[in-house]
Each structure stands twice: as structure tokens, then as C-alpha cells.
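Beneath this line is the structure, given in C-alpha cells, with notes to follow.
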Amino acid sequence: MVAALSCKRLRPDVDAVYLELQGREDITDPIYQEAPVSQDRVIIFDTTLRDGEQSPGASMTKEEKLRIAKALEKLRVDVIEAGFAIASPGDFEAVKAIADTIQDSTVCSLSRAVDADIDRAAEALANANSGRIHTFIATSPIHMQHKLRLAPDQVVEQAVRAVKRARNLCEDVEFSCEDAGRSEIDFLCRIIEAAIDAGARTINIPDTVGYAIPHQFAETIRQIIERVPNADRAVFSVHCHNDLGLAVANSLAAVTAGARQVECTINGLGERAGNASLEEIVMAIKTRHDVLGVHTRIVTENILSASRLVSGITGFPVQPNKAIVGANAFAHESGIHQDGVLKHRETYEIMSAQSVGWHTNRLSLGKLSGRNAFRSRLEELGIQLPGEAELNAAFARFKELADKKHEIFDEDLQALVSDTLTEVVEHVRLAYLEVGSRTGEIPEARIVLNVDGKEVEGRAQGSGPVDATFKAIESVFPSNANLQLYSVNAITQGTDSQGEVTVRLEKAGRIVNGNGADTDIVVASAKAYLNALNLMQTGAHKAHPQAAGV
Ligand code: KIV
Ligand code: ZN
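To get this note's numbering, take the position in the sequence shown, counting from 1, and add 340.
What follows is the structure, given as C-alpha cells:
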């Protein structure tokens with residue numbers, strides 16, 4: 341039986357795009373009148389929390405996802421794909437929490453084209469101010485034959501049934517033709533026409549395996565829009581993967597061919613080589629309006645902080661030469677360039693660093709700041725601690741940090757509260773750490789851990805102080821996990837900056853990322869290692885959306 345739940349209607353400004361495309365400006369319903377009607381608007385659909393989370397090692401807790409969702413809302417992303425509700429109870433709870441909280445963006449859940457997935461998605465989205473069910477089925481010969489083991493007619497039938505079921509539960513339904521990049525155009529036109537007739541308002545054409553080439557992908561989109569008889573009743577979307585490094589180029593080429601929704605992720609996170617990067621798509625659209633002639637509603641000044649938040653939470657560092665958000669993106673090394681920029685910025689800069697949020701990190705608080713100032717700055721940053729006890733604990737840590745570090749920036753505050761916001765049962769905690777490291781001698785660590793309330797001590801030597809610390813932890817709390825990644829990033833500038841450490845551990849195919857921050861990077865490393873060990877103890881296995889059956 342279909343669950344007696346449905347998500348509410350679309351956000352009006354997104355709806356307006358459909359209206360214009362359908363040529364129905366005469367509609368008098370006020371919800372349609374509020375919105376600026378524009379064919380030139382590209383809907384930004386962010387899938388950091390769903391496809392981004394499919395990056396090995398990028399799994400996030402519910403609280404972390406909620407923090408990212410709030411940052412995406414602040415960016416004014418149109419649609420947030422919050423997860424794949426049926427994947428696990430944890431995924432369901434995360435989609436639900438985001439749907440219950442977010443007001444200004446449409447919240448979407450992915451679902452395969454099967455009843456149970458669709459019903460679970462609708463249940464998670466029930467309280468959304470604006471919800472969307474995104475259902476998909478593979479359409480390429482290789483996927484239909486080898487993965488689904490279904491004939492093309494059966495695939496069309498399943499897609500239509502899924503879209504109809506979703507439309508009974510939610511007004512806003514998106515249908516995706518998985519592996520469209522390798523599908524036959526005639527079949528794509530047939531299934532898309534059927535999906536629109538069944539009630540899909542957005543049709544997504546994913547290049548699932550990153551196979552497309554820009555001019556060819558644009559031609560596919562153009563032909564689909566021309567050939568599908570009811571194409572004017574849907575918004576066409578693209579979702580490009582980066583296997584050949586062409587995800588952004590393919591997405592923009594599709595926009596020139598009529599696509600009006602782009603699916604993308606912060607920092608280009610995503611399955612394998614990732615998805616099209618949100619910041620690159622948005623800034624290309626903004627900077628080259630002269631060529632592309634379209635716009636988004638993204639508040640570009642919030643891009644850098646969203647990028648840092650996603651990188652900090654997932655432990656995926658941003659490469660220094662990454663466009664828009666890399667540390668070197670606006671740094672000029674050559675003397676000629678520096679001279680040019682000083683004389684006239686636009687000689688070597690096509691957009692300003694400020695327009696994407698650089699140079700805006702402001703001095704937040706200092707040693708003498710009180711508890712109220714601390715609380716209100718957190719509120720301004722959109723951080724809400726669960727209760728007074730957590731606020732007091734965070735304030736005590738802030739005072740400790742302020743003793744060591746003269747100036748506290750917003751980034752410091754975000755790192756400071758991130759453990760409090762992450763709901764991990766702490767079986768093991770750091771009580772004491774002493775590390776000896778001298779030239780010509782073998783570094784040694786002595787550690788005291790609190791394991792389920794009992795203090796235990798361990799010692800070990802290592803090739804460096806961090807290695808010795810990790811070995812000392814393992815001597816007390818053996819995990820037998822493989823260390824896959826260790827990275828340190830300075831949170832702010834200067835040698836008094838806090839170091840933010842990410843540790844990625846793998847055990848029996850399960851990957852977790854632990855994070856820790858401290859002005860002492862060995863302590864930060866120990867915290868990150870222990871955070872990963874605690875995460876290893878919790879969390880259930882989840883289904884992968886692209887797995888064949890249910
Ligand atoms: O890459 C893909 O095809 C997807 C779909 C589920 C939209 O992520
Ligand atoms: Zn994808």
C-alpha cells in the first residue's frame with residue numbers, strides 16, 4: 341500500500357521556470373505569481389550529500405549533513421539532494437532532518453524506480469517545505485542487459501509506474517535515465533516522453549560514467565529537447581561525472597543546448613572522479629554571462645566557506661590549484677602578473693577573490709570575549725549547539741584555545757565545535773599525551789586513553805612523533821584498521837594556527853574519516869585517530885543506489 345504521506349508543493353521560483361517553459365503565464369494561482377519568471381535561470385541542484393557521499397571515505401553523520409545542508413541553503417542552492425532514504429536508517433534520518441529544517445531550498449531524496457524506495461523517500465520528505473522525489477532507472481543497453489536484466493519495454497514500464505507512484509506522493513518528481521551518456525537516443529526520447537506523461541517535471545540526463553564529450557553531449561540534449569513531443573512540460577537537467585575531467589565542460593555545453601538544471605557538488609566531490617563542481621559551474625555562468633546568457637541565484641560570496649566546510653567534514657582536501665576554491669586560485673606568483681594586478685586587477689583576474697568569499701575571514705573573538713559573545717557569534721555562523729552543557733563545554737575549549745592563540749577566527753570556532761556537533765559515541769577519549777622527539781633519537785609517545793570510563797596507558801616508538809602516537813594508541817586500543825590517509829591543514833594563517841588533521845581508516849571494506857583540531861598537530865592527530873576509531877565502532881552498512889535489485 342502507498343504510504344499516506346505526501347510532500348508539499350514546489351518552491352514558487354523553481355516552479356516559475358516550468359511555467360515559462362510551458363507558456364502558461366496566464367495562471368492566476370498566487371503561488372505562481374510570486375516568482376520571477378525567467379527562462380534564463382539555471383536551477384542549481386546540489387548532490388554533495390548524496391552522490392558526493394558516494395566518494396569512498398566521504399560518509400557523513402546526520403549532524404554533519406545537516407550542517408552542510410544549512411550552508412547550501414545559505415548559498416541559495418535551489419535543490420539539495422539530501423540522500424538516498426532507503427539506503428539505511430541513518431540515511432533516512434538524515435534526509436528527514438534536512439527536510440524538517442531547510443526552508444529556502446527544495447529537499448530531494450533519491451530512489452530507484454521501485455515502490456519501496458519511492459515510499460521511503462516520500463516518508464522522509466513528508467515535512468519538507470518543498471520536497472522532491474528523484475527516481476531513476478538505467479537506460480543504456482549495457483546496463484539494461486547486464487545489470488537490470490530487463491528488456492527495454494520492461495524498463496519503460498517500470499519507469500512510468502515509478503513516476504506515477506512518486507507523483508501520487510509528491511508534486512515535484514524528477515526522473516533520471518541512468519547512463520544516458522551511453523544510451524540510444526531513440527530509446528531516450530521514448531522513455532522521457534513516457535516519464536513526462538506520467539508526471540515527471542524534471543528530466544535528468546546523466547553522464548553516469550563520464551564518457552561524454554562537450555559538443556556531442558550538447559547535441560544529444562538539443563536533439564532530445566527537439567524530438568520529445570512533450571518536452572515543453574519539463575525542465576531538462578544534466579548530471580555529469582568527471583572521469584575524463586569534462587564534467588563541468590559537458591554541463592555548460594548542455595546549458596547552451598537548453599538544459600536548465602545542473603546537478604553538481606561542492607568541490608566536485610562524488611563517485612569515482614567526482615561530479616561537476618558547483619563552484620566552477622556557478623562562476624563560469626556568472627563570469628561568462630556574455631556567452632552563456634543565463635544566471636543562477638547562488639550567493640557566490642558563500643562559496644569558499646561551503647567548500648571549506650565540506651572539505652573539513654569529509655576529509656577530502658582541496659588541491660591548491662583547484663579553480664575558485666584552491667589556495668592558489670587568486671595567488672599571483674610571477675612578478676609581471678603581480679605588477680599588472682597591482683596596477684589594474686582585471687589585467688590577470690577574471691573575477692574577484694571577494695566575490696567567492698576569499699579575504700573575508702574576520703577576526704571573530706579574543707581572549708576577553710565572554711560567553712554571550714561566544715554564543716551570538718556561533719549563532720551568526722549558523723551553529724546551534726544541542727544544549728547549555730555543550731555550550732559550556734565548547735566555551736571552556738574556546739578559553740583554552742584563546743590562551744594559546746591570540747586571535748580566534750570564524751574557522752577556529754567552526755573547528756572547535758565540530759566534535760560537539762558530531763554525534764559519535766566516544767568509547768575512547770584522549771586523557772593525556774606526551775611525545776619526545778629529538779634529532780638523532782627515535783621519537784617516543786606515552787598516551788593515556790579513557791576507554792569506556794577506565795584509564796589505560798600505552799607507549800610506543802615510531803618513525804616520527806605522529807607515527808609513535810598512533811602506535812601508542814593501537815597498543816592500548818587495537819583496531820587492526822589500515823591507515824589510508826593522513827592529512828594536516830592549517831585552519832588559519834600563521835604558525836599559531838590550529839592544525840586540522842584528517843585520518844582515514846579502512847577495515848573489512850568499511851572506510852571512515854576522523855577529524856581533530858588543535859594548535860599542537862600531534863594532539864590534533866591523536867584526536868583525529870581516536871575520532872576515526874570511535875566512528876568505526878558505530879554506523880550500519882548502507883545500500884548503494886546504483887546496485888541492481890532491491
Ligand atoms: O550518475 C548517475 O547516473 C546518478 C543517478 C542516480 C542520477 O547519480
Ligand atoms: Zn552520479
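Even for Gly, the Cβ is constructed at its ideal location relative to N, Cα and C. On a predicted model such as this, the values are computed, not experimentally measured, just so you know.
**Study point:** Buried or exposed by the 16-neighbour rule on C-beta atoms within 10 Å, applied to T368
**Key:** Residue mapping note: residue 368 aligns to position 28 of the sequence shown, counting from 1. With a pLDDT of only 45 at T368, under 50, the local geometry of the prediction cannot be trusted, and the value read off the model is given with reservation. Exposed, since its Cβ has fewer than 16 Cβ neighbours within 10 Å.
Review point. With which residues is G854 paired in a DSSP beta bridge?
Key: For this step, residue 854 is matched to residue 514 along the sequence shown. Beta-bridge pairing links G854 to V843.
Review point. By a C-beta neighbour count over all protein chains shown, 10 Å radius and 16 as the cutoff for buried, is E713 buried or exposed?
Key: Here residue 713 refers to the residue found at position 373 when the sequence shown is read from its first residue. The amino acid at residue 713 is misidentified as Glu; the sequence shows Ala. Result: exposed.
Exercise for review: Tell me whether the beta-carbon of A434 lies closer than 7 Å to the beta-carbon of T654.
Suggested key: On the sequence shown, position 94 is the one that residue 434 refers to. On the sequence shown, position 314 is the one that residue 654 refers to. Result no, Cβ atoms of A434 and T654 do not sit closer than 7 Å.
Check your understanding: Mind checking whether A464 and F424 have CB atoms under 7 Å apart?
Key -> Walking along the sequence shown from the start, residue 464 turns up at place 124. Walking along the sequence shown from the start, residue 424 turns up at place 84. Taking 7 Å as the Cβ cut-off, A464 and F424 do not qualify as a contacting pair.
Practice item. Can you say whether E751 is buried or exposed, counting buried as having 16 or more other CB atoms within 10 angstroms of its CB? Key: As a first step, residue 751 is located in the sequence shown; it is residue number 411 there, counting from the start. Flag for E751 reads buried.
Review point. Between which two residues does the alpha helix (DSSP H) containing T596 stretch?
Key: On the sequence shown, position 256 is the one that residue 596 refers to. It spans 587-596 - the alpha helix (DSSP H) in which T596 sits, taken as one unbroken run.
**Study point:** A646 versus A812 - alpha carbon distance
**Key:** Against the sequence shown, residue 646 aligns to sequence position 306. Against the sequence shown, residue 812 aligns to sequence position 472. Looking at the two C-alpha atoms, the distance is approximately 35 Å.
Practice item. Please classify A624: is it buried, with 16 or more other beta-carbons within 10 angstroms of its beta-carbon, or exposed? Key: Reading the sequence shown from its first residue, position 284 is the one you call residue 624. That one is buried.
Practice item. Please go through the same chain and pick out, in chain order, the residues whose beta-carbon is closer than 6 Å to the beta-carbon of I851, but skip the five residues on each side of it. Key: What you label residue 851 is simply residue 511 of the sequence shown in a count that begins at 1. Once the five neighbours on either side are set aside, the close Cβ partners of I851 are P396, G397.
Point to revise | Buried/exposed call for I438, threshold 16 Cβ in 10 Å | key: As a first step, residue 438 must be located in the sequence shown, where it is residue number 98. Label assigned to I438: buried.
**Study point:** Other residues of its chain near M484: CB distance less than 8 Å, five sequence neighbours each side excluded
**Key:** Reading the sequence shown from its first residue, position 144 is the one you call residue 484. Result list for M484: A478, L490, A491, P492, V495, in chain order.
Exercise for review: With DSSP as the reference, label E740 as helix, strand or coil.
Suggested key: In the sequence shown, the residue the question calls residue 740 occupies position 400. Three-state result, E740: helix.
Exercise for review: Kindly indicate which residue of L488, H474, V568 has the alpha-carbon position closest to the one of E603.
Suggested key: Numbered from 1 along the sequence shown, position 263 holds the residue referred to as residue 603. Minimum Cα distance to E603 is reached at H474.
**Study point:** H486 in three-state terms, based on DSSP
**Key:** To locate residue 486, count along the sequence shown from 1; it is residue 146. It is helical.
Check your understanding: Does the beta-carbon of S617 have 16 or more other beta-carbons within 10 angstroms, so that it is buried, or is it exposed?
Key -> If you number the sequence shown from 1, residue 617 lands on position 277. Label assigned to S617: buried.
**Study point:** Alpha-carbon to alpha-carbon, A593 and I545
**Key:** Sequence index remark: in the sequence shown, residue 545 carries index 205 (1-based). Sequence index remark: in the sequence shown, residue 593 carries index 253 (1-based). Rounded to whole angstroms, I545 to A593 spans 13 Å at the Cα level.
Exercise for review: Quick one: residues in its chain with C-beta nearer than 8 Å to the C-beta of S827, no 5 flanking neighbours on either side, listed in chain order?
Suggested key: Here residue 827 corresponds to residue number 487 of the sequence shown, with the count starting at 1. Same-chain partners within the cutoff: G655, P657, V841, T842.
Check your understanding: Do the CB positions of F810 and V768 come within less than 7 Å of each other?
Key -> Position 470 of the sequence shown holds residue 810. Position 428 of the sequence shown holds residue 768. The answer is no: Cβ separation not under 7 Å.
Exercise for review: Starting from A464, follow the alpha helix (DSSP H) in both directions and report where the run begins and ends.
Suggested key: Taking the first residue of the sequence shown as 1, we reach residue 464 at position 124. Per DSSP, A464 belongs to the alpha helix (DSSP H) from 455-465.
Point to revise | As assigned by DSSP and simplified to three states, the class of P546 | key: As a first step, residue 546 must be located in the sequence shown, where it is residue number 206. P546 falls in the strand class under three-state DSSP.
Check your understanding: Can you give the Cα-Cα distance for A693 and I643, rounded to whole angstroms?
Key -> Taking the first residue of the sequence shown as 1, we reach residue 693 at position 353. Taking the first residue of the sequence shown as 1, we reach residue 643 at position 303. Their backbone Cα atoms lie some 11 Å apart in a straight line.
Review point. DSSP three-state call for K745: helix, strand or coil?
Key: By 1-based counting over the sequence shown, the position of residue 745 is 405. Three-state DSSP puts K745 in coil, outside helix and strand.
Practice item. Could you tell me whether the Cβ atoms of A461 and S449 are closer together than 7 Å? Key: What you label residue 461 is simply residue 121 of the sequence shown in a count that begins at 1. What you label residue 449 is simply residue 109 of the sequence shown in a count that begins at 1. Yes, these two residues count as a Cβ contact at 7 Å.
Exercise for review: To the nearest angstrom, report how far apart R407 and S758 are at their CA atoms.
Suggested key: Here residue 407 is taken as the residue at index 67 of the sequence shown, counted from 1. Here residue 758 is taken as the residue at index 418 of the sequence shown, counted from 1. Rounded to the nearest angstrom, the two C-alpha atoms are 10 Å apart.
Check your understanding: With distances taken between CB atoms, is the gap from I564 to R416 smaller than 7 Å?
Key -> Within the sequence shown, the letter at position 224 stands for residue 564. Within the sequence shown, the letter at position 76 stands for residue 416. In this structure, R416 does not lie closer than 7 Å to I564 by Cβ.
Review point. Do L773 and V863 have their C-beta atoms closer together than 7 Å?
Key: For the purposes of this step, residue 773 is identified with residue 433 of the sequence shown, where counting begins at 1. For the purposes of this step, residue 863 is identified with residue 523 of the sequence shown, where counting begins at 1. In contact: L773 and V863 (Cβ atoms closer than 7 Å).
Check your understanding: By the 10 Å Cβ neighbour count, where 16 or more other Cβ atoms means buried, how is R364 classified, buried or exposed?
Key -> Stepping through the sequence shown from its first residue, residue 364 is reached at position 24. The predicted model places R364 with a pLDDT of 49, which falls under 50 and marks its position as unreliable; any figure quoted below should be read in that light. Flag for R364 reads exposed.
Check your understanding: Using the beta-carbon count (16 or more within 10 Å), is P726 buried or exposed?
Key -> The sequence position of residue 726 within the sequence shown is 386, counting from 1. The residue is exposed, with fewer than 16 neighbouring Cβ atoms inside 10 Å.
Check your understanding: When we look at the beta-carbon of S865 and count the other beta-carbons within 10 Å, is it buried (16 or more) or exposed?
Key -> Taking the sequence shown and counting its residues from 1, one reaches residue 865 at position 525. S865 comes out buried.
Exercise for review: Kindly identify the DSSP beta-bridge partner or partners of I787.
Suggested key: Taking the first residue of the sequence shown as position 1, residue 787 is located at position 447. Partner(s): L773, G798.
Exercise for review: Name the two residues that bound the continuous alpha helix (DSSP H) containing T560.
Suggested key: Here residue 560 refers to the residue found at position 220 when the sequence shown is read from its first residue. Note, T560: alpha helix (DSSP H), 554-567.
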